[in-house]
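Written out below as structure tokens is the structure these notes cover.
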Amino acid sequence: MGNTDRFFFDRFGLTEANLSQYLGAALSEGGEYADLYFEHTTSSSLLVDESLVKTATEGISMGCGVRVVAGEQTGYAYTDDLAPEKIMKAARIAGRIASGPARVSTVGLSALDAKHNFYPVALPSTDRDLTDKLKLVVQADTAARAYDPRIKQVRATYGDQIRHVMIAGSDGRVVTDFQPLVRLNVFTIAQDGSNLQSGSSGGGGRVGLEFFSGERSPESFAKEAARQAIIQLEAREAPAGEMEVVLGPGWPGILLHEAIGHGLEADFNRKGISAFSGKMGQRVASDICTVVDDGTIPSRRGSLNVDDEGEPTQKTTLIENGILRAYLQDKLSSDITRTTRTGNGRRESYEHIPMPRMTNTYMLAGQDAPDDIIRSVKRGLYAANFGGGQVDITNGKFVFSASEAYLIEDGRITTPVKGATLIGDGPTVLTRVTAVGNDLKLDPGIGTCGKDGQSVPVGVGIPTIKVSSLTVGGTAPRGGQSFA
Amino acid sequence: MEPQLEKIAVELVDRAMRAGATAADVTVHESDDFSTALRLGQIEKLKEAASKALGLRVFRGVRSASSFSSDFSAQSLERLVERTLAMAAVTSEDPASGLPDAALLGSSVGDLELYSEDVAALSTEERIDYARRAEQAALSADPRIKNSEGAWFEASVGRKAYANSLGFAGSYRSSYCAGSVAPVAEDGGMQRDYWYSVSRRRSALESPEAVGRKAAERTLRKLGGRKMATCQVPVIFDPETAPSLVGHIFEAVRGDAIYRSASFLTGKLNQKVANERVTILDDGLRPGGFGTRPFDGEGIPSSVTPVVEKGVLSNYLLNCYTARKLNMRTTGNASRGVSGPPNVGPKNFYMAPGPHSAEEIRKSVKSGFYVTELIGFGVNIVTGDYSRGAAGMWIENGEFAYPVEEVTIAGNLAEMLNHIEMVGSDLEFRSAIVAPTLMISGLTVAGT
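For the protein sequence lines, the chains are A and B, in the order given. Be aware that the first sequence starts at 1, since it is given in the working numbering, and climbs by one per residue. Be aware that the second sequence starts at 1001, since it is given in the working numbering, and climbs by one per residue.
Have a look at this one:
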């Protein structure tokens, strides 16, 4: 089996003969394809609150999910016990979706050697002492409190995960991967009299603990979280209504994730229920916009060597100079629509059926200097940081919530305003992008995307961009006092 | 089967105590889950599995740590205890930590109707058939219903056990089933909405045809949606969107938000926080409720806790830890997943119904916005600032005039609580957090 990671063979006494036997049971009532997804995940988390290490948690989750595909139908079962009889039982349950003669897997299993490793980690976080992880949260707590006496509450959390996976398909493919993931988050509350405001920051990726140094040190994230809370103490009411909006670089790329990304997932498009269905080759953005989904960026939170169906990830151009070029594919959708797979078949865990998901989604840098973009706006909103977002796939309406935003008045960033939700229409919002900055930045690495009850780590990125019109959901009507 | 889960919990507590813990508790969960998805009459997905997991918490004096695993073998549990105790040596001393006072432990008696045999007894064919009929009813409701995102049926039966080193051990079973459908309508633009029925008993589910028709109706009324001009108008939240507002109130009264001053309701106990129309209760005993349980995640018997009484904030919701932090008594709101220490969770948290029918409330509005959908996460519990994406119907002279989409509604929760002008009589317990139709004045609707 080549240089495949032997984790599951060594640890659970699995053999190649077992894999063939399980796949045989899965296809015993027919079906075109079956696969086994073995997962073993070790995770740990720490919480510092009120300067006390209040919580330390560690756990192991493991199991095997068996999938059988018959036409457009999927049968799925899983077990959290890797004993042969339990996996055989799951295979038979999953196989009930099909009804026909047994399909004997004639292809011999062969390891698909990884072409690359996008997240080599010298010392995985799980092999580090708990005290090394504790230092991170304690340093963050200290730094946030030292930032300003008005910082009254600090909460810092650390979380890591080491996931071993092995995917064995009835097409003969056996793929393994070792997926590290760490993150550090800091939450702050600033108080000035009765005025209380909050801030948050953090970072991470498919890295080891050495990641948290320099610009990514616990102190930097802590200061950023503290800075946001302090700024909010001065915030006025956000404006309400349509206006010019400038998005800062990095996190605001969540715009792409909500407005474009989900709508381009192949399952929705194959079913004709996405606002982007049937728009392939058509203009969906202004010609200065090129958007990609890239699972191959080294060490990024959204990156993967292979997706959760064993397909190598890639860089997929979704929108090229404003024209829609590709959907995000998993195996099922690509088989049905006879399209090439893009390595976007992902699942939360062995308990879940894979589906098309994003990895790292971002817009390529453009020509404009960020300062020029801001100078070009007479009255508008500058959104520097965002919280979560959501989209209605079918009508294309999406929202994302600014957590740090400012008014732009006469070409200058002026007063900070309270957080507000921005709402727009996915298929048309990018046609209103009138400037793209030369300052592409990716997010700090703490994003999680939810779809159909499944959460997966993702990344986003964007340069500074200007949208000529977007609805801002504040409370101050235009012409009102706070937005005169 | 029940004693067996309890036995696992008790034995692991004993094991931890023998290994040197000064106190310990264990929760064990087990469930059998089924789900199917159909689309345009064809089965898309059929999923079935049994799973189990346990969570351990150990104390060394006032230091603690926790762990979880799905591997129940003696060897694995021994390692788990060892590692968890090692972690508890490096966490901080926290005087508020610890198990509840032994005198508070117990389980409420009587049948809470959490489990019904008819859920497990339902055959796979019957489950598939429910989804199929619901989708068929939606597709045949109107020629403009041209597609479907799918129809689903889910069923689950499970058991939970809890034991601690003070001698408490208990367990209970529960069941759950739900059918839903999401049709897609086309008429120029494309719209999707959904409807569902959910219960702890199969026999209490609405007919699949009723679910399908309602889903179709909800989807069709969205066709032709348009933006509207930015304005301040009365906003009506329907019983599907009103619960999210009450959910924000839950987030604001949970003990951990209070002791961290991370809530706009911090320090407001026994003060008027809403107008007199507002009464909010948290009831752990409602038969068949989705937030009902005989005891909470720390072995405290369920009870009814008034949260807001005629506008006055009467209780925060607490587990033992947050109660100690605030010098109060636990309200039995410890929620306990397997991973990590007890959290604070709702029982059946709801706004008491008012005197008005939904129709009466609509008729009372000259110009206003009736919200049927909210999206996004623009709510800040620290400040109460509220800004979310919304869709629904414009009301003109008390009647629905046209569908509205791509707008936001914004305000502040503290002010919104004081501007609840009408409370509906149409309360239904469809989840653990519910509310009837509500009409609120003073909100900004942002559109063009």
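Idealized CB from N, CA, C, for every residue including glycine.
Beta-bridge pairing of residue i - partner residues as DSSP gives them
i, result
"residue 1029 of chain B", "B:1053, B:1160"
"residue 1412 of chain B", "B:1385"
"residue 247 of chain A", "A:383, A:465"
"residue 9 of chain A", "Residue 9 of chain A pairs with nothing; no bridge assigned."
Element boundaries [beta strand (DSSP E), containing residue i]
i, result
"residue 407 of chain A", "397 to 409"
"residue 379 of chain A", "379 to 391"
"residue 1421 of chain B", "1420 to 1423"
"residue 1191 of chain B", "1189 to 1192"
"residue 316 of chain A", "315 to 320"
"residue 1439 of chain B", "1438 to 1446"
"residue 1290 of chain B", "Counting along the chain, residue 1290 of chain B falls outside any beta strand (DSSP E), and DSSP gives it neither H nor E."
"residue 1306 of chain B", "1304 to 1309"
"residue 204 of chain A", "195 to 205"
Partners in chain B for residue i, counting only beta-carbon separations shorter than 7 angstroms
i, result
"residue 80 of chain A", "1051, 1052, 1070"
"residue 273 of chain A", "1147, 1149, 1184, 1192"
"residue 337 of chain A", "None at all; the shortest Cβ gap to chain B is about 15 angstroms."
CB contact check: residue i to chain B, cutoff 9 angstroms
i, result
"residue 331 of chain A", "no"
"residue 117 of chain A", "no"
"residue 96 of chain A", "yes"
"residue 88 of chain A", "no"
"residue 2 of chain A", "Because the pLDDT at residue 2 of chain A is just 42, under 50, the model does not fix this residue reliably, and the value given afterwards should be weighed accordingly. It does not; no Cβ of chain B falls within 9 angstroms."
"residue 49 of chain A", "yes"
"residue 484 of chain A", "Reliability of the predicted coordinates at residue 484 of chain A is poor, the pLDDT of 31 falling under 50, and the value obtained from them is presented with this limitation in mind. It does not; no Cβ of chain B falls within 9 angstroms."
"residue 166 of chain A", "no"
"residue 476 of chain A", "yes"
"residue 438 of chain A", "no"
Continuous alpha helix (DSSP H) stretch holding residue i: start and end
i, result
"residue 1320 of chain B", "1320 to 1326"
"residue 1259 of chain B", "1255 to 1259"
"residue 136 of chain A", "130 to 147"
Listed by chain order, chain B residues near residue i by CB distance under 8 angstroms
i, result
"residue 486 of chain A", "Since the first and last residues shown for chain A are 1 and 484, residue 486 of chain A lies out of range."
"residue 73 of chain A", "1042, 1043, 1044, 1045, 1046"
"residue 425 of chain A", "1406"
Neighbourhood of residue i by C-beta distance below 8 angstroms, restricted to the same chain and skipping five residues each side
i, result
"residue 216 of chain A", "203, 444"
"residue 1407 of chain B", "1227, 1228, 1369, 1389, 1390, 1391, 1445, 1446, 1447"
"residue 1130 of chain B", "1153, 1179, 1205, 1208"
"residue 72 of chain A", "332, 336"
"residue 1224 of chain B", "1187, 1188, 1189, 1402, 1403"
"residue 1142 of chain B", "1185, 1216, 1220"
"residue 78 of chain A", "63, 64, 65, 66, 90, 350, 351"
Contact list for residue i against chain A, beta-carbon separation under 7 angstroms
i, result
"residue 1341 of chain B", "55"
"residue 1087 of chain B", "56, 58, 130"
"residue 1178 of chain B", "Ordered by position in chain A, no residue passes the 7 angstroms Cβ test against residue 1178 of chain B, which lies about 13 angstroms from the chain."
Contacts that residue i makes with chain A (C-beta to C-beta distance below 9 angstroms)
i, result
"residue 1262 of chain B", "153, 155, 187, 189, 196, 198"
"residue 1066 of chain B", "55, 56, 57, 58, 59"
"residue 1322 of chain B", "The contacting residues do not exist; residue 1322 of chain B stays about 12 angstroms from chain A at best."
Cutoff 6 angstroms; reference residue i; Cβ partners in own chain excluding five residues on either side
i, result
"residue 385 of chain A", "251, 403, 404"
"residue 165 of chain A", "39, 177"
"residue 235 of chain A", "416, 417, 418"
"residue 1321 of chain B", "1096"
"residue 222 of chain A", "140, 143, 144, 186"
"residue 1151 of chain B", "1038, 1131, 1134, 1135, 1181"
"residue 326 of chain A", "316, 318"
"residue 47 of chain A", "54, 55, 157"
Neighbourhood of residue i by C-beta, 7 angstroms cutoff - its chain only, sequence neighbours within 5 removed
i, result
"residue 395 of chain A", "275"
"residue 1265 of chain B", "1252, 1253, 1273, 1313"
"residue 1231 of chain B", "1445"
Contact with chain A by residue i, beta-carbon distance below 9 angstroms
i, result
"residue 1371 of chain B", "no"
"residue 1377 of chain B", "yes"
"residue 1430 of chain B", "no"
"residue 1129 of chain B", "no"
"residue 1188 of chain B", "no"
Neighbouring residues, chain B, relative to residue i (Cβ below 9 angstroms)
i, result
"residue 433 of chain A", "Near residue 433 of chain A there are no residues of chain B at all, since even the closest Cβ is about 18 angstroms away, more than 9 angstroms."
"residue 210 of chain A", "Within chain B, no residue comes near residue 210 of chain A; the closest Cβ sits about 21 angstroms away, beyond 9 angstroms."
"residue 420 of chain A", "1378, 1385, 1387, 1408, 1410, 1446"
"residue 390 of chain A", "1375, 1376, 1377, 1389"
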